[in-house]
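Counting with this note's numbering, you get residues 323 to 806 for the letters of the sequence shown.
Each residue gets a CB set at the ideal place from its N, CA and C atoms; glycine is no exception.
A quick write-up on the structure given underneath.
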Amino acid sequence: MATRRRVLGAGLSAAGVGLTTASLLPALRARNASAVPAASAADAAVQLFAAPMPLTPVLAPVSTDGGTDTYEMTMRTGNVGILPGLQTELRTFNGQFPGPTIKARRNRPVVIRQRNELTVDTSVHLHGAEVPQSEDGSPMDTIAPGTERLYTYPNKQAHASLWYHDHAHHVESENVYRGLHGSYLLTDDEEEALPLPKGEYDVLIAIRDARFDTATGALVYQMSDRARTTLLVNGAPYPYFEVAARSYRLRFANHSNQRFVELRLADDGDMVQIASDGGLLPRPHTTKSLYLTSGERADVVVDFSRYPVGTQLVLKNTGFGAVEDVSQVMRFDVVRTAEDDSSVPDVLRTLPPLPEPTAERTVVLRMDEDGRPDPKAYIDEKLYDPTRVDARIRAGASEIWTVTNANTKAPHNFHMHLVQFRILQRDGAAPGPEEAGLKDTVRLLPGETVRLQATFDTYQGEYVYHCHMLDHSAMGMMATMKIG
Ligand code: C2O
Ligand code: CU
Ligand code: CU
323 MATRRRVLGA
333 GLSAAGVGLT
343 TASLLPALRA
353 RNASAVPAAS
363 AADAAVQLFA
373 APMPLTPVLA
383 PVSTDGGTDT
393 YEMTMRTGNV
403 GILPGLQTEL
413 RTFNGQFPGP
423 TIKARRNRPV
433 VIRQRNELTV
443 DTSVHLHGAE
453 VPQSEDGSPM
463 DTIAPGTERL
473 YTYPNKQAHA
483 SLWYHDHAHH
493 VESENVYRGL
503 HGSYLLTDDE
513 EEALPLPKGE
523 YDVLIAIRDA
533 RFDTATGALV
543 YQMSDRARTT
553 LLVNGAPYPY
563 FEVAARSYRL
573 RFANHSNQRF
583 VELRLADDGD
593 MVQIASDGGL
603 LPRPHTTKSL
613 YLTSGERADV
623 VVDFSRYPVG
633 TQLVLKNTGF
643 GAVEDVSQVM
653 RFDVVRTAED
663 DSSVPDVLRT
673 LPPLPEPTAE
683 RTVVLRMDED
693 GRPDPKAYID
703 EKLYDPTRVD
713 ARIRAGASEI
723 WTVTNANTKA
733 PHNFHMHLVQ
743 FRILQRDGAA
753 PGPEEAGLKD
763 TVRLLPGETV
773 RLQATFDTYQ
783 GEYVYHCHML
793 DHSAMGMMAT
803 MKIG
């Protein structure tokens, strides 16, 4: 059982050492250590590791007739307790934050009735999914307030940890920030046959940042805000998670509007990465850090049996742009022993060989970064125009896209709808093992270039591609590809 701890944070923050609280935390904290600093000066009200990490509830279907799982969700305003003693008004799916998790199986369709009881347009996009254009939740294909629609997901693709979020033109950034995001875990026989940790030892950990008015609990939204300095894990600020001394599969997802995180155990202990956006990697890869830009997912197996019961292990963030004190994310508390018959096989999956490429094109991401008041963001020097087709792709084509971040300060990433792509090169070199699987979103730090290959052999129609720093896509960094 976790013991309550005295907070030193307010005093430390007042002394102006908010940015250095990380250095005060030993990597491994003894069970009854005396004090835990508050998260940061701005968030002195938030105590680190004071509350348990919520496990996001799995939504039950309203019907499973005819081999289809049918769900109902209502987007509505909800008041959720996030900060101690305060309520935060959010835009939610079913009043929950984050939205409920959907569990799906390959080749078993899912239908979701989405009702919009908010006062803004919404459009629900299933990120990473292979779906017909009509089901993609495109920016202009919106659900007006007071109306509803069905989305049908065929689930023909292989297993992957997907997520759903709003995508309505110009408001997606604020809608997602205010709570319209949740997870969709698609599995298949191939994944289930592996001896990886399962059940209660397979845990979704969705991370995002937020800025609160700490007096009222209200969420503050401003475009490109650098002060989103509260990290939420499954909706709770800086929680602890009690684990058994055995292996866990941790499914990390970055649902931040634009924050990049680099996750690392405080003792620099090994994590075995087994999956990325599009499911399992070909081979496991042992690493000390996991870089996730907004929208990316990655699964690791962590063997907590190497820690004695009683160990408290902080998960740190050492990522790009972690200039504020968001250097800690959560804490794992090893509280008991448990049996463990799981293992990580040397080969996780075999990806099909890449087809011969049939076309090549370039994409340049750039935004105004000279400090002008109303910065815009561009793809190939153009602002998003939903009536324009930017890339025409032949049905069945397999294309190499060379994507460059032309900025010198601003980071970006690059996300394509409809496809899971393969990364061929990062800055001229072969990608690392963490990028050797299927991806739908890829990091592009200032000046970086990534070559990727995508094959358009499923659905035809118009789909968007964009920077998944959603403030950037709302500033114009989005474009349309037309397949067929
Ligand atoms: Cu997460 Cu256009 O998507
Ligand atoms: Cu998407
Ligand atoms: Cu960007």
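Using a Cβ-Cβ cut-off of 7 Å (strictly less than) and excluding sequence neighbours within five positions of residue i, which residues of its own chain qualify?
i       : result
Val-666 : Leu-518, Val-594, Ile-596, Pro-606 and Val-623
Gly-504 : Phe-415, Pro-420, Gly-421, Pro-422, Thr-423, Trp-485 and Tyr-486
Arg-773 : Ile-722, Thr-724, Leu-746 and Gln-747
Thr-396 : Asn-416, Arg-437 and Glu-439
His-737 : Gly-617, Asp-762, Thr-763, Tyr-787, His-788 and His-790
Once DSSP output is grouped into helix, strand and coil, what is the label at residue i?
i       : result
Leu-484 : strand
Leu-792 : helix
Arg-628 : helix
Tyr-757 : The residue you asked about is not Tyr; residue 757 is Glu in the sequence shown. Helix.
Asp-387 : helix
Gln-650 : strand
Lys-804 : strand
Asn-416 : coil
Leu-637 : strand
Met-799 : coil
Pro-422 : strand
Ile-404 : coil
Asn-576 : strand
Pro-359 : Low per-residue confidence applies at Pro-359: pLDDT is 46, beneath 50, and the placement is therefore not dependable, though the value from the model is reported in the following sentence. Of the three classes helix, strand and coil, the one that applies to Pro-359 here is coil, per DSSP.
Arg-568 : coil
Ala-681 : strand
Ala-751 : strand
Leu-381 : coil
Phe-563 : strand
Arg-581 : coil
Can you round the beta-carbon distance between residue i and residue j to whole angstroms, since I take them to be within the 8 Å contact cut?
i       : j       : result
Asn-735 : Leu-766 : 6 Å
Ser-495 : Thr-464 : Contact flag wrong, Cβ pair sits at about 15 Å.
Leu-572 : Val-525 : 6 Å
Tyr-523 : Ser-664 : 7 Å
Gly-539 : Leu-408 : 3 Å
Ser-627 : Asp-662 : 7 Å
Lys-610 : Asp-625 : Not a contact, Cβ separation roughly 14 Å.
Ile-529 : Val-583 : 6 Å
Ser-546 : Leu-760 : 30 Å between Cβ atoms; not a contact.
Which residues in the same chain as residue i place their Cβ atom closer than 6 Å to its Cβ, once the five residues preceding and following it in sequence are excluded?
i       : result
Gly-400 : Leu-412, Thr-414 and Gly-417
Tyr-499 : Tyr-543 and Asn-579
Asp-531 : Arg-550, Leu-553, Ser-578 and Arg-581
Pro-650 : Reading the sequence as shown, one finds Gln at residue 650 and not Pro. Answer for Gln-650: Val-636 and Lys-638, listed in chain order.
Thr-726 : Val-686 and Thr-771
Phe-654 : Phe-563, Val-565 and Leu-635
Thr-410 : Val-402, Ile-404, Gly-539 and Leu-541
Tyr-613 : Glu-584
Beta-carbon within less than 8 Å of residue i's beta-carbon, same chain only, minus the 5 sequence neighbours each way: which residues are those?
i       : result
Glu-452 : Pro-476, Lys-478, Gln-479, Leu-740, Val-741, Gln-742, Thr-780 and Tyr-781
Val-711 : Glu-784, Thr-802, Met-803 and Lys-804
Thr-509 : Lys-425, Ala-426, Arg-427, Arg-428 and His-481
Asn-729 : Leu-687, Arg-688, Met-689, Glu-691, Pro-768 and Gly-769
Thr-469 : Arg-437 and Asn-438
Kindly say whether residue i, judged by its beta-carbon, lies nearer than 8 Å to any beta-carbon of chain B.
i       : result
Phe-582 : Note that chain B does not occur in the displayed structure, where there is just one protein chain.
Taking 7 Å as the cut-off, is the C-beta of residue i nearer than that to any heavy atom in ligand 4?
i       : result
His-737 : Among the ligands modelled here, namely ligand 1, ligand 2 and ligand 3, ligand 4 does not occur.
### Task
Jot down the residue ranges of each uninterrupted beta strand (DSSP E) in the stretch 693-742, minimum 3 residues, whole runs only, in chain order.
699-701, 713-715, 720-727 and 734-738
### Message
Taking 8 Å as the cut-off, does the stretch 546-564 touch the stretch 616-632 (at least 3 CB pairs, one atom from each stretch)?
### Response
no
### Message
Quick check on the DSSP output: what are the complete beta strand (DSSP E) runs of length 3 or more inside the stretch 436-465, in order along the chain?
### Response
446-449
### Query
What are the uninterrupted segments assigned as alpha helix (DSSP H) that are 4 or more residues long and contained completely in the stretch 471-524, given in chain order?
494-499 and 511-514
### Message
Can you confirm whether the stretch 632-640 touches the stretch 786-799 when touching is taken to mean that 3 or more C-beta pairs between the two stretches lie within less than 8 Å?
### Response
no
### Message
Restricting to runs no shorter than 3 residues, where is the beta strand (DSSP E) found entirely within the stretch 587-611?
### Response
593-598 and 601-609
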